[in-house]
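Asks:
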């Protein structure tokens, strides 16, 4: 994750609040939509960026595409971004995050299977050990 840049270095993406008043006006506290779907609240204090959530329709469409293919070629990414009204970078990040979540879930499933196999083997081993002890006592 990168450090937040000074608003003056970031160019015209930020709207500066009027510094002439002691308290920020209602107008200066309204959120400003930035390029890429981020919201900025400029209340005279430090700039705070808010993440805009995807709509349910956007998420459903992204999930459908992910089921079909977990990695997108640049052409498909651009087409999907236009279709959903998002930036191609947002699509790329969503897919990257979704692959990471999928991998985590896959590891959890594999661990569960391995754990069940281990528990079965342990039970069988203990049963055989007890049977061996009984036979040794006879």
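Residue numbers (the UniProt record's numbering): 1 to 138. Beta carbons: idealized from backbone N, C-alpha and C, even for Gly. As the structure is a prediction and not an experimental result, all values here were calculated from the model.
DSSP three-state call for residue 87: helix, strand or coil?
Replies: Looking at residue 87 - three-state DSSP - the assignment turns out to be coil, as it is neither helix nor strand.
Asks: If you reduce the DSSP assignment to three classes, tell me which class residue 72 lands in.
Replies: Of the three classes helix, strand and coil, the one that applies to residue 72 here is coil, per DSSP.
Asks: Out of 73, 85, 69 and 122, state which residue places its alpha-carbon closest to the alpha-carbon of residue 53.
Replies: Looking at the Cα atoms, 85 is the closest of the given residues.
Asks: Quick check: what's the CA-CA separation for residue 72 versus residue 61?
Replies: Roughly 14 Å between the two C-alpha positions.
Asks: If contacts are defined as beta-carbon pairs under 8 Å, then residue 111 and residue 66 qualify, I think. What distance do you get, rounded to the angstrom?
Replies: With a Cβ gap of about 23 Å, residue 111 and residue 66 do not count as contacting.
Asks: Where does residue 90 land, buried or exposed, given buried means 16+ other C-beta within 10 angstroms?
Replies: Buried, by the Cβ-count rule.
Asks: Going by C-alpha distance, which of 99, 128 and 114 is nearest residue 68?
Replies: When only C-alpha atoms are compared, the closest one is 99.
Asks: Tell me which residues share the same chain as residue 170 and place their Cβ nearer than 6 Å to its Cβ, disregarding the 5 neighbours each side in the sequence.
Replies: Because residue 170 is not part of the residues shown, which for the chain are 1 to 138, the question remains open.
Asks: Secondary structure at residue 104, three-state DSSP: helix, strand or coil?
Replies: Helix at residue 104.
Asks: Nearest to residue 74 by CA position, among 63, 88 and 83, is which residue?
Replies: That would be 88, whose Cα lies nearest to the Cα of residue 74.
Asks: Could you tell me which of 59, 113, 121 and 128 sits nearest to residue 83, measuring between CA atoms?
Replies: Among 59, 113, 121 and 128, the Cα nearest to that of residue 83 belongs to 59.
Asks: Report the three-state DSSP secondary structure of residue 55 (helix, strand or coil).
Replies: Residue 55 falls in the coil class under three-state DSSP.
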